[in-house]
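Peer 1:
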Amino acid sequence: MTGGAGFIGSNFVHHLVRETAVRITVLDKLTYAASRESLEGLPSDRVSLVVGDVADGALVDGLVAASDAVVHFAAESHNDNSLTEPGPFIQTNIVGTFQILEAARRHGTRLHHISTDEVYGDLELDDPQRFTEATPYNPSSPYSAAKAGSDHLVRAWVRSFGVVATISNCSNNYGPWQHVEKFIPRQITNVIDGDRPKVYGTGTNVRDWIHAEDHSSAVWLILQQGRIGETYLIGADGERNNLDVVGRILEHFGRPADDYDLVTDRAGHDLRYAIDSSKLREELGWRPTYPDFEAGLARTIAWYQAHEDWWRPHKQATEASYAAKGQA
1 MTGGAGFIGS
11 NFVHHLVRET
21 AVRITVLDKL
31 TYAASRESLE
41 GLPSDRVSLV
51 VGDVADGALV
61 DGLVAASDAV
71 VHFAAESHND
81 NSLTEPGPFI
91 QTNIVGTFQI
101 LEAARRHGTR
111 LHHISTDEVY
121 GDLELDDPQR
131 FTEATPYNPS
141 SPYSAAKAGS
151 DHLVRAWVRS
161 FGVVATISNC
171 SNNYGPWQHV
181 EKFIPRQITN
191 VIDGDRPKVY
201 GTGTNVRDWI
211 HAEDHSSAVW
221 LILQQGRIGE
231 TYLIGADGER
241 NNLDVVGRIL
251 EHFGRPADDY
261 DLVTDRAGHD
271 LRYAIDSSKL
281 REELGWRPTY
291 PDFEAGLART
301 IAWYQAHEDW
311 WRPHKQATEA
321 SYAAKGQA
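Take the sequence shown: its position 64, counted from the start at 1, is 64 in UniProt numbering, and no numbers get skipped.
Okay, structure coming up:
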């Protein structure tokens with residue numbers, strides 16, 4: 001699997017170790033958002049780490065040739081960074097996916113491609129509709145545009161070359177090992193430090209939250225039972241606006257629900273994401289383990305409280321980056 005030392009990828013590795021007997025080779029570039037620590041303690045006879053770039057065709061080819069299946073998590077994924085420096089998003093998300101597809105084509109290897117709901121753009125706050133597999137693509141940032149491009153490549157390689165692949169588009173993940181630049185970990189660690197959370201704009205933007213463990217169980221099910229060439233949307237009916245999420249975090253720590261600061265909004269900030277995962281649930285029988293967002297959030301807060309040694313070295317640089325953009 002690619003990107004297995006990052007946030008969602010490492011959660012998937014842990015899920016496979018707990019729930020299956022498979023052996024996993026992780027290919028990860030170990031950029032700032034990944035960490036060896038996320039894979040520590042896993043059995044060495046089942047999990048191995050290869051440090052390298054998914055855009056390195058020769059490296060990818062050898063690893064794919066030796067594998068029964070590939071799960072492609074590797075991606076540059078932080079919207080703010082894509083607005084500052086879009087180049088790495090094109091290189092990893094599009095060129096990297098091309099290399100994976102070409103290797104899968106040469107060796108006839110089963111592929112599952114991980115994507116995002118952000119390829120669909122956004123919805124109005126009062127729109128009763130949710131994203132489905134038939135929703136037209138309408139990306140609004142370099143990140144989501146690069147992911148949209150990678151999805152189109154996968155579909156083209158399935159149709160043109162018979163690559164044995166499926167795609168999943170997931171809503172916003174939360175859980176352990178997520179970098180402190182992301183919304184929920186940033187707010188949790190701010191509160192741990194006694195600071196006030198920082199919320200973009202008016203805080204009314206809505207995200208559809210899913211615990212990374214539930215994302216993992218859905219991907220494993222799709223890899224085993226998903227119909228080749230099909231796309232499945234993964235969501236846990238977790239719509240919350242940003243102010244509500246921050247309020248829940250503050251409440252957990254016994255602080256007033258309005259103890260936050262509004263900061264300059266992000267350019268092109270999508271209003272609302274919402275996933276309709278009916279196809280996944282009805283066709284494959286998937287159900288989330290964490291349907292209660294508050295319970296999953298409490299477990300996530302406890303994890304960050306217990307792993308300060310992991311996130312602390314990244315915190316100062318992250319906040320300095322936000323301050324430089326006027327968002328601190």
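We put the beta carbon where it would ideally sit given N, CA and C, even for glycine.
Keep in mind it's a predicted model, so treat the numbers as computed, not measured.
Give the straight-line distance between the Cα atoms of S160 and L30, rounded to the nearest whole angstrom.
Peer 2: 33 Å
Peer 1: Could you tell me if the beta carbon of Y32 falls within a distance shorter than 7 Å of some heavy atom in the ligand ADP?
Peer 2: By its list of ligands, the structure shown contains no ligand whatsoever, and the ligand ADP lies outside what it can speak to.
Peer 1: For S168, write down the residues that DSSP places opposite it in a beta bridge.
Peer 2: I114 and Y232
Peer 1: Within 10 angstroms of the Cβ of G235, are there 16 or more other Cβ atoms? Answer buried if so, exposed if not.
Peer 2: buried
Peer 1: For the region 104-115 and the region 63-74, state whether three or more C-beta atom pairs, one from each stretch, are separated by less than 8 Å.
Peer 2: In short, these stretches touch, since the Cβ pair count reaches three.
Peer 1: Following the continuous alpha helix (DSSP H) through L42, name the residue where it begins and the one where it ends.
Peer 2: That residue, L42, is in no alpha helix (DSSP H); it is neither H nor E in DSSP.
Peer 1: Exposed or buried, what is residue 414 when buried is set at 16 or more other beta-carbons lying within 10 Å of its beta-carbon?
Peer 2: In the structure displayed, the chain extends from 1 to 328; residue 414 sits before or after that span and is not available.
Peer 1: Under the three-state reduction of DSSP, which class applies to N205: helix, strand or coil?
Peer 2: coil
Peer 1: Around the C-beta of R227, are 16 or more other C-beta atoms found within 10 angstroms, so that it is buried, or is it exposed?
Peer 2: exposed
Peer 1: So, for S10: in the same chain, excluding its five sequence neighbours on each side, which residues have a beta-carbon less than 7 Å away from its beta-carbon?
Peer 2: G4, S38, L39 and W177
Peer 1: Between the Cα of I222 and the Cα atoms of A58, R287, G268 and N241, which residue gives the shortest distance?
Peer 2: Checked all of A58, R287, G268 and N241; the closest Cα to I222 is R287.
Peer 1: Please classify Q187: is it buried, with 16 or more other beta-carbons within 10 angstroms of its beta-carbon, or exposed?
Peer 2: buried
Peer 1: Quick check on E124: does DSSP put it in helix, strand or coil?
Peer 2: coil
Peer 1: Helix, strand or coil: which one does DSSP assign to V180?
Peer 2: coil
Peer 1: With distance defined between alpha-carbon atoms, name the residue in S115, H15 and L101 nearest to L233.
Peer 2: S115
Peer 1: Compute the Euclidean distance between the alpha carbons of A267 and A324, then round it to the nearest angstrom.
Peer 2: 15 Å
Peer 1: Going by beta carbon distance, what residues of the same chain come within less than 6 Å of E118, once the five residues before and after it are set aside?
Peer 2: S144
Peer 1: For A156, count neighbouring C-beta atoms within 10 Å of its own C-beta (all shown protein chains included) and say buried if the count is 16 or more, exposed if not.
Peer 2: With fewer than 16 Cβ atoms within 10 Å of its Cβ, A156 is classed as exposed.
Peer 1: Between V199 and Y120, is the Cβ-Cβ spacing less than 8 Å?
Peer 2: no
Peer 1: Is the separation between the beta-carbon of V60 and that of Q91 shorter than 8 Å?
Peer 2: no
Peer 1: Would you please state the rounded distance, in angstroms, between the beta carbons of N172 and Y290? I believe it to be under 8 Å.
Peer 2: Actually they are not in contact, since the Cβ atoms of N172 and Y290 sit about 13 Å apart, beyond 8 Å.
Peer 1: Count the other C-beta atoms from every protein chain shown that fall within 10 angstroms of the C-beta of Y174, then say buried if there are 16 or more, exposed otherwise.
Peer 2: With 16 or more neighbouring CB atoms inside 10 Å of its own CB, Y174 falls in the buried class.
Peer 1: Whole angstroms are fine: how far does the CA of P197 sit from the CA of P185?
Peer 2: 10 Å
Peer 1: According to DSSP, is N138 helix, strand or coil?
Peer 2: coil
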